[in-house]
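Chemist:
Protein chains: 2
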Amino acid sequence: MNIAEVATRAGLPPKTIRYYEDIGLIHPRRQANGYRAFAEADLHKLAFLGRARGLGFSIEECRTLLALYEDQSRASADVKALAQRHLTAIDAKIAELQAMRATLSDLVHHCAGDHRPDCPILADLAGAAP
Amino acid sequence: MNIAEVATRAGLPPKTIRYYEDIGLIHPRRQANGYRAFAEADLHKLAFLGRARGLGFSIEECRTLLALYEDQSRASADVKALAQRHLTAIDAKIAELQAMRATLSDLVHHCAGDHRPDCPILADLAGAAP
DNA sequence: CTTGACCTTCCTGTCACTGGAACCCTTATG
DNA sequence: CATAAGGGTTCCAGTGACAGGAAGGTCAAG
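Protein chains in written order, with the working numbering: chain A, 1 to 130; chain B, 1001 to 1130.
1) Less than 8 Å separating the beta-carbons of A/Leu-49 and A/Cys-62?
2) Look at the alpha carbon of A/Lys-80 and the alpha carbon of A/His-115, and state the distance between them as a whole number of angstroms.
3) Mind listing the chain A neighbours of B/Tyr-1069? Cutoff is C-beta to C-beta under 8 Å, in chain order.
4) Taking the continuous alpha helix (DSSP H) assigned at B/Gly-1113, which residues delimit it?
5) Looking at C-alpha atoms only, which residue of A/Pro-13, A/Ile-17 and A/Leu-87 is the closest neighbour of B/Ser-1105?
6) Compare the C-beta of B/Met-1100 with all C-beta atoms of chain A and state if any pair is closer than 8 Å.
7) Nearest to A/Ile-26 by alpha carbon, out of A/Thr-8, A/Leu-66 and A/Val-108?
8) Which of the three DSSP states is assigned to A/Arg-74 in this structure?
9) If we ignore side chains and look at the alpha-carbon of each, how far apart do A/Arg-36 and B/Leu-1125 end up?
10) The alpha helix (DSSP H) spanning B/Leu-1122 covers which residue range?
11) Measure the C-alpha to C-alpha separation of B/Lys-1045 and A/Gly-127 and round it to an integer number of angstroms.
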């Protein structure tokens, strides 16, 4: 398989696949002409990585997950701990965004949004004491 | 005011303040010795920027907000539109994170997390057809 | 006069790619 | 046979918003 086919089947851009090779996540063989020769196992790994990235795991977490996946003697506790940490991080981000959302939504609500210059959004950013 | 005092009062690291000058968000004067000489107006702008960044506005959005703030003939509609767009972007991010969270939480729930290697999290990442 | 706490600029690194230039390989067509 | 299109390759630079650190100038106190 050449890179374009793998890219289509794994749902990842060729650039990303080359990058993943660069940083040592995959190790496709090479053909005589220098082209990458992807095996089914490479495709499988790339799809794995695509899904893990889709769940928001960092590249380093993905590296660990791949290593665990390939370690037949792993303990599921290790995987679960990693996923649990990531879940906590996601929750923190959601909370942060929801706090922003609440403030911003409130400000937007109080802004007339007309041709006049008076604006509670700018007033708040400028540090208006309520 | 030297940079350290402004940093404390604006709640921003000195590095960030120098960066903001670099990209043209602020223009503090210089003392004879080359040190930055911050006026109250600079401090005010930096605090404004800190709050806007805290609400998740990008640097370029902050630049626009500052320009609107300083434009006495602005229309509040322009500010509101910018804030509204940002709010929509935040909502999209929240939705994305919540989708991740739902999947991940489900997987974590189904993982025994013991010494055995069987792990539904890895199975899902590997593309297990349900 | 020296110490230590400031300040300065400049360079590098972060994260996970993306775009583009310059060039090689393969296949089809005139 | 030349060439053009459509693969592939490497390498370099840029993204956003800073943070870390080196090398060196400045200033007040002891």
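Ideal Cβ positions, reconstructed from N, Cα and C, are used throughout, including at glycine. Note that the coordinates shown come from a computational prediction; the quantities given were computed from them, not determined experimentally.
Modeler: In terms of the structure at hand:
1) The residue you call residue 49 of chain A lines up with position 49 of the first sequence. The residue you call residue 62 of chain A lines up with position 62 of the first sequence. The answer is yes: Cβ separation under 8 Å.
2) Mapped onto the first sequence, residue 80 of chain A falls at position 80. Mapped onto the first sequence, residue 115 of chain A falls at position 115. A/Lys-80 and A/His-115: Cα-Cα distance of roughly 55 Å.
3) Sequence index remark: in the second sequence, residue 1069 of chain B carries index 69 (1-based). What B/Tyr-1069 touches in chain A: Leu-122, Leu-125 and Ala-126.
4) Your numbering for residue 1113 of chain B matches position 113 in the second sequence. Neither: B/Gly-1113 is in no alpha helix (DSSP H) and is coded neither H nor E.
5) For the purposes of this step, residue 1105 of chain B is identified with residue 105 of the second sequence, where counting begins at 1. Nearest of A/Pro-13, A/Ile-17 and A/Leu-87 to B/Ser-1105, Cα basis: A/Leu-87.
6) Translated into positions along the second sequence, residue 1100 of chain B becomes position 100. True, the Cβ-Cβ gap to chain A drops below 8 Å.
7) One-based indexing of the first sequence puts residue 26 of chain A at position 26. Among A/Thr-8, A/Leu-66 and A/Val-108, the Cα nearest to that of A/Ile-26 is on A/Leu-66.
8) The count along the first sequence starts at 1 and reaches residue 74 of chain A at position 74. In the structure shown, A/Arg-74 falls within a coil segment according to DSSP collapsed to helix, strand and coil.
9) Counted from its first residue, the first sequence places residue 36 of chain A at position 36. Counted from its first residue, the second sequence places residue 1125 of chain B at position 125. C-alpha separation (whole angstroms): 24 Å.
10) Here the question's residue 1122 of chain B lines up with position 122 in the second sequence. Unbroken alpha helix (DSSP H) run through B/Leu-1122: 1120-1125.
11) Position 45 of the second sequence holds residue 1045 of chain B. Position 127 of the first sequence holds residue 127 of chain A. Going by the C-alpha atoms only, they are around 10 Å apart.
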